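Residue numbers (the numbering used here), protein chains in the order written: chain A, 139 to 414; chain B, 326 to 660.
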Ligand code: SF4
Ligand code: SF4
Ligand code: SF4
Ligand code: SF4
């Protein structure tokens, strides 16, 4: 409550003195347990702001849609640590200028919400480095452990069953702040590179393409997983890929705005020669 | 006196229908989602959910459907048609909104070209609607001038009686009577009353909305941008909708052979209207959201005299950013 009130005041001040043109936050949704994105441009709109533990959506995708930042004005945004990581990646991949983003950081334990220090992505580097050291325990979950015990065949069958439900609504892609491509590979239709059919093979293709494109870029915000209308446990795929890049390349996505993308950069002294 | 189908006889009915060659389909709760799926015995049904997550339309208009196989030779092209899977079936336990959805889409699939995939399945399916005795925050059939016990699209209407003991039977069509004649030995005369159907509050004034939408001045209204700002442009709402029916035809294969398929498509996608030149007449998400609303409540009724929405609420229930038809129409009624 206190955090929410303080942030309301801050947002109003920054809007009033012209430091930001808009703040993206949360407001009550259609049921008591739902929150929905809120775009604050006036102090009346700031009154609707809600900040509590049920504010979970990573809102950073809105920053790169429909030219919001093209006028070079600054935009404020409410972000959990994962959201700050996605700002860093978007900046590192030249999708936005991190200086244009004013961060209202928050995190929660249980129902308790607390503000995070800092207004620009840079100021969160200490916190993000700490996260890198201890992410694995946080995200461990029974289903993941179950899958890790499976052999290759069982795993294949498990995912085949899960993907058979996919309807290719692309809600996972649309919800993901890292899926900003103007033309997704599955939408490249001259020629059609990836089948649009939502049969099991097509669904496999889609989900595997996305898993690869998100490797080393996913910040584990859970947007895709929550958006999926048929409840495919997408978080597990991204979690696994995040572990792979951490183990293999010591890469924790989104540590800074200058971090090199792990799968789009190489070092001359790399022991693997295939890329050269 | 009405006839009652007691739930403890459901197993017998399922067996009877199956032995008469009818596939039995009903609401089923799977580990991850609920949907209408094949059942083999009475206990496979789950009548407890307000509404299955996935709609009934996909049993008539699946997400991907092969239409023909082609082989391209030097001087000719061979094609072989796929026919829709044959087989009679009974859908036991449809919700009124889902059954209505089928009837809403009938004229669309039959106005210029008769879609054989749709109509073959329609002709071979008996729809048994169960009137709703509970609803959730998102149900809004009454706002669309339908009811929890609408008979639209149904061959038989069942009304639940107390303590999940069974249902009062109202046969509505010959197809329904035929299917229930097969199980007549399990039906009993009774005077037990039906449970009242759930009261679903009206959420908006449909007529006022339609009038507003029909006014050409409102096409460019600022309202569209405001209401759809948070829409992320997925196809969740259209693909779960029992009446959304857009599809794309795609050839899947290589230069020499392949399969032509009919795949779901959605007006939420930017690609939906993208021209070859790169120009997109619906270049913003607000234009796409406007299209969805206009199509359902202005263009579709203009052509087929029925709204393309049965009020199931799935679009709002499932939206990743808590949008949906309801909020938009509520906002329009309050303009
Ligand atoms: S892949 Fe999913 S969890 Fe990862 S950044 Fe994208 S939306 Fe978030
Ligand atoms: S959100 Fe789920 S159903 Fe939709 S495309 Fe992604 S994995 Fe498939
Ligand atoms: S309204 Fe919701 S479900 Fe529909 S396209 Fe927009 S974000 Fe997706
Ligand atoms: S538009 Fe929404 S409420 Fe209407 S039928 Fe479709 S999913 Fe249901």
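Beta carbons are placed, not taken as given, at the ideal position from N, Cα and C, and that holds for glycine.
Remember, predicted model here, so these are calculated numbers, not experimental data.
Around the CB of residue 386/B, 16 or more other CB atoms lie within 10 Å, so the residue is classed as buried.
For the segment 332 to 357 of chain A, the beta-carbon criterion of a distance under 8 Å to any beta-carbon of chain B is satisfied by 333, 334, 335, 336, 337, 340. Here the segment 419 to 435 of chain B lies against the segment 446 to 463 of chain B, with 3 or more beta-carbon pairs under 8 Å apart.
Burial check for residue 288/A: the Cβ neighbour count within 10 Å stays below 16, so the residue is exposed. Pairwise C-beta distances place the segment 312 to 323 of chain A out of contact with the segment 293 to 303 of chain A, as fewer than three of them are shorter than 8 Å. Placement of the Cβ of residue 366/A at a distance of 7 Å or more from every heavy atom of ligand 3 is found. In the three-state reduction of the DSSP assignment, residue 403/B falls in the strand class.
Taking the CA atoms as reference points, residue 631/B sits about 31 Å from residue 371/B.
In this structure, the C-beta of residue 457/B stays at least 7 Å away from each heavy atom of ligand 4.
With respect to the C-alpha of residue 252/A, the residue from 210/A, 153/A, 244/A having the closest C-alpha is 244/A. In the DSSP assignment, residue 392/B falls within the unbroken beta strand (DSSP E) covering 389 to 397. When only Cα atoms are considered, residue 380/A and residue 201/A end up about 24 Å apart. Interface criterion not met: the Cβ of residue 192/A is under 8 Å from no Cβ in chain B. For the segment 586 to 601 of chain B, the set of positions with a beta-carbon nearer than 9 Å to some beta-carbon of chain A reads 586, 588, 589, 590, 591, 593, 594, 595, 596, 599, 601 in chain order.
Any Cβ of chain A closer than 8 Å to the Cβ of residue 613/B would place that residue at the interface, and such an atom is absent.
By DSSP's assignment, residue 232/A forms no beta bridge with any residue.
Residue 361/B is bridged by DSSP to 352/B.
Looking at the DSSP output, residue 330/A shares a beta bridge with 327/A.
At a threshold of 7 Å, residue 638/B counts as near ligand 4, since its beta carbon sits closer than that to one of the ligand's heavy atoms.
The alpha-carbon separation between residue 294/A and residue 385/A amounts to approximately 23 Å. Residue 565/B is not a Cβ neighbour of residue 618/B, given a cutoff of 8 Å. Scanning chain B for C-beta atoms nearer than 8 Å to the C-beta of residue 204/A yields 609, 610, reported in chain order. Contact of residue 171/A with chain B by beta-carbon distance below 9 Å is absent, the smallest such distance being about 11 Å. For residue 216/A, the pairing in a beta bridge is given by DSSP as 242/A. Annotation for residue 588/B: no alpha helix (DSSP H) segment contains it, though the beta strand (DSSP E) segment containing it runs 582 to 589. DSSP places residue 281/A in the uninterrupted alpha helix (DSSP H) bounded by 280 to 286. Residue burial annotation: residue 224/A is buried, with at least 16 other C-beta atoms found within 10 angstroms of its C-beta. Restricting attention to alpha helix (DSSP H) runs no shorter than 4 residues, the segment 474 to 554 of chain B encloses them at 499 to 506, 531 to 539, 548 to 553, ordered along the chain. In terms of CA proximity to residue 547/B, 611/B leads the group 611/B, 642/B, 658/B. Just so you know, the alpha carbons of residue 629/B and residue 376/B end up roughly 26 Å apart. When distances are taken from the beta-carbon of residue 361/A to the heavy atoms of ligand 2, even the shortest one reaches 7 Å or more. Within the chosen limit of 7 Å, ligand 2 reaches the beta carbon of residue 310/A through at least one heavy atom. Put simply, the backbone Cα of residue 323/A is about 11 Å away from that of residue 334/A.
Within the same chain, and ignoring the five residues on either side of residue 365/B in sequence, the residues whose Cβ sits closer than 8 Å to its Cβ are 339, 343, 349.
Between the beta-carbon of residue 484/B and that of residue 492/B there is about 6 Å, and that keeps the pair under the 8 Å contact cut.
Assigned with DSSP and collapsed to three states, residue 200/A falls in helix.
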